[in-house]
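Protein chains in written order, with my numbering: chain A, 1 to 316; chain B, 1001 to 1316.
Here the structure comes first, spelled out in structure tokens, and everything after it is commentary.
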């Protein structure tokens, strides 16, 4: 596809999108969070990474009752955020509402009802079995947010996600090589243009339902080449079929000019990923000798090292 | 549609569904919960209602990455459960994972991180502003579950939902007129048969995506006439277009032989609903003079009264 057509498609996507609520407030927050740490003239500013997490939804009706969802628990994004903060990064966590949050991965699904019990008629206490997990979640989350290391921005639809990603890219542009994008969200490939969408609930007639979905324009290209041309960019490729995984990851690396593509297979994604780069593939494994360890631990270590090299390359 | 065709469609739906996990465990729980209160020979047993809540998902791929979701917060089902328990009912709460829970409606989205704060380095406490909401949630939930008045069963897909509903109906059959179904869940009208589903992730090729979805067979008919022919059955009709709402609700009442259909419009559903019955329509309004009141309060009051009449009619 030539770049004129891509630009037309992108314009048409954003023009057809419903306007973002609170966009001024979000822009203010972003600028405050990022500008505080603009790289000094020596280029020694704090690094900032935008971690995207969870799946986007595609509304099928304007007054949204039905939508298509890309499943993702958000576990990868939440875990990676913790390791980036540990490595000294500031993190903009762009996450799907309701998905897994940093420092909360070991909590049960419904923490309030499952972690607490009645002490007597008027009071309650944390259950002994969940005491450490609850304390850790509250303490670490508080330290990260109050310490200015973590900014959380929620989205639900593909329209919100891409509009917010564009705003974040714009606010991080001045960080140049200190900026990183770690695009772990499961973004829908297809959408229904807002204007061609049914205004009311689709009626179940007597036959099957036929639907036609349009391709979402490939925003990775414009993120990489126009929105933040200097940022270090990592995208993800998830497949259920291991046979085509590395080939697809390699194609994405070249097509979107990513610095790395993290290839993962649905069934083994918590144990193993492959970091695909121009210089070859590196397999990253979870440390099985340490119970409760994460594959994100060695993964973020590797990416931080690669980011350092990238920053150094720019200063020579 | 004649009933032979419907039965064929229903058989084909259940045969094509992936088998339910833990079905033996769920059946045991259900039987314990229900049998404890079978109506005595005088027909004076406790009433049991099955409240369904939240939207079902329709997987588009067998190894599920993408699916269609019917949006529903689950607020209606959670609120109604509270009022049914208050009215003396035992409630089987069949709910979509992650949706609103009874007694938790006034909590923020992420209760653990938003309701608690650090007291010092090693301890934490509930924030004053959320103290009552948190205490109420833990106390009331504990009282309902420990008191044997509330059994919670989670689902995600349309396949799980309908298989579980059939199990619940089978366990409640012996309660005869003391059983009620309050079907507030937003159930998908369309699905992709499991066997015709793509095994792997659908690849985004170069064009638009065309999809064909089949109609989910109308299980309300068989629930009402075969699974639990004596139970008092309430279904819901949600529309975004008020002009067709009452007409559609009336059609559902007749087609599925419901005892009532609760008609609600997306934008006003928290303020007003219409209970459609054979004997006419009754409009139910939230009591606006009481801050924080629910439309479910007068709604459940009305339905409990109608259920009483239905039980009395059966004993004459």
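The beta carbon of each residue, even a glycine, is placed where N, CA and C say it ideally should be.
Model, not experiment: these values are computed from the prediction.
Residue i (DSSP reduced to helix, strand or coil)
| i | result |
| --- | --- |
| residue 156 of chain A | coil |
| residue 1043 of chain B | Confidence in residue 1043 of chain B is poor, its pLDDT being 46 and thus under 50, which makes the residue's placement too unreliable to answer from. |
| residue 279 of chain A | coil |
| residue 1024 of chain B | helix |
| residue 1313 of chain B | helix |
| residue 115 of chain A | helix |
| residue 1109 of chain B | coil |
| residue 1017 of chain B | coil |
| residue 220 of chain A | helix |
| residue 273 of chain A | strand |
| residue 1285 of chain B | strand |
| residue 1150 of chain B | strand |
| residue 994 of chain B | Not covered by the structure: residue 994 of chain B. The range shown for chain B is 1001 to 1316. |
| residue 161 of chain A | helix |
Status (buried if at least 16 other CB within 10 Å, exposed otherwise) for residue i
| i | result |
| --- | --- |
| residue 15 of chain A | exposed |
| residue 178 of chain A | buried |
| residue 1285 of chain B | exposed |
| residue 1228 of chain B | buried |
| residue 1278 of chain B | exposed |
| residue 1305 of chain B | exposed |
| residue 108 of chain A | exposed |
| residue 1283 of chain B | exposed |
| residue 11 of chain A | exposed |
| residue 1259 of chain B | buried |
| residue 111 of chain A | buried |
| residue 1137 of chain B | buried |
| residue 315 of chain A | exposed |
| residue 207 of chain A | exposed |
| residue 82 of chain A | buried |
| residue 1035 of chain B | exposed |
Minimum Cβ-Cβ distance from residue i to chain B less than 8 Å
| i | result |
| --- | --- |
| residue 63 of chain A | yes |
| residue 110 of chain A | yes |
| residue 324 of chain A | Past the boundaries of the shown model lies residue 324 of chain A; chain A is included only from 1 to 316, so the question cannot be answered. |
| residue 250 of chain A | no |
| residue 96 of chain A | no |
| residue 92 of chain A | no |
| residue 211 of chain A | yes |
| residue 104 of chain A | yes |
| residue 134 of chain A | yes |
| residue 127 of chain A | no |
| residue 16 of chain A | no |
| residue 79 of chain A | no |
| residue 76 of chain A | no |
| residue 141 of chain A | yes |
| residue 332 of chain A | Residue numbering for chain A in the displayed model covers 1 to 316; residue 332 of chain A lies beyond these limits and cannot be assessed. |
| residue 42 of chain A | For residue 42 of chain A, the predicted structure reports a pLDDT of 46, less than 50, and the residue's modelled location is therefore unreliable. The matter cannot be settled from this model. |
| residue 208 of chain A | yes |
| residue 159 of chain A | no |
Beta-carbon contacts of residue i that lie in its chain and below 6 Å, excluding the five residues immediately before and after
| i | result |
| --- | --- |
| residue 100 of chain A | 73, 74, 75, 78 |
| residue 1240 of chain B | 1266 |
| residue 1125 of chain B | 1119 |
N- and C-terminal bounds of the beta strand (DSSP E) containing residue i
| i | result |
| --- | --- |
| residue 66 of chain A | 66–70 |
| residue 1179 of chain B | 1179–1183 |
| residue 1212 of chain B | 1209–1215 |
| residue 95 of chain A | 90–96 |
| residue 1260 of chain B | 1260–1265 |
| residue 52 of chain A | 48–53 |
| residue 1057 of chain B | 1057–1059 |
Bounding residues of the alpha helix (DSSP H) (the contiguous stretch that carries residue i)
| i | result |
| --- | --- |
| residue 235 of chain A | It is not in any alpha helix (DSSP H) - residue 235 of chain A instead sits in the beta strand (DSSP E) that spans 232–239. |
| residue 252 of chain A | 242–255 |
| residue 1126 of chain B | That residue, residue 1126 of chain B, is in no alpha helix (DSSP H); its beta strand (DSSP E) goes 1124–1126. |
| residue 1143 of chain B | 1131–1146 |
Close-in-space but distant-in-sequence residues of the same chain around residue i (CB under 7 Å, 5 per side omitted)
| i | result |
| --- | --- |
| residue 1105 of chain B | 1075, 1078, 1079 |
| residue 1019 of chain B | none |
| residue 1248 of chain B | 1237, 1239 |
| residue 231 of chain A | 172, 179, 180, 181 |
| residue 1273 of chain B | 1262, 1263, 1264, 1284, 1295, 1299 |
| residue 1132 of chain B | none |
is_contact[residue i, chain A] using C-beta, thresh 8 Å
| i | result |
| --- | --- |
| residue 1070 of chain B | yes |
| residue 1007 of chain B | no |
| residue 1215 of chain B | yes |
| residue 1067 of chain B | yes |
| residue 1101 of chain B | yes |
| residue 1240 of chain B | yes |
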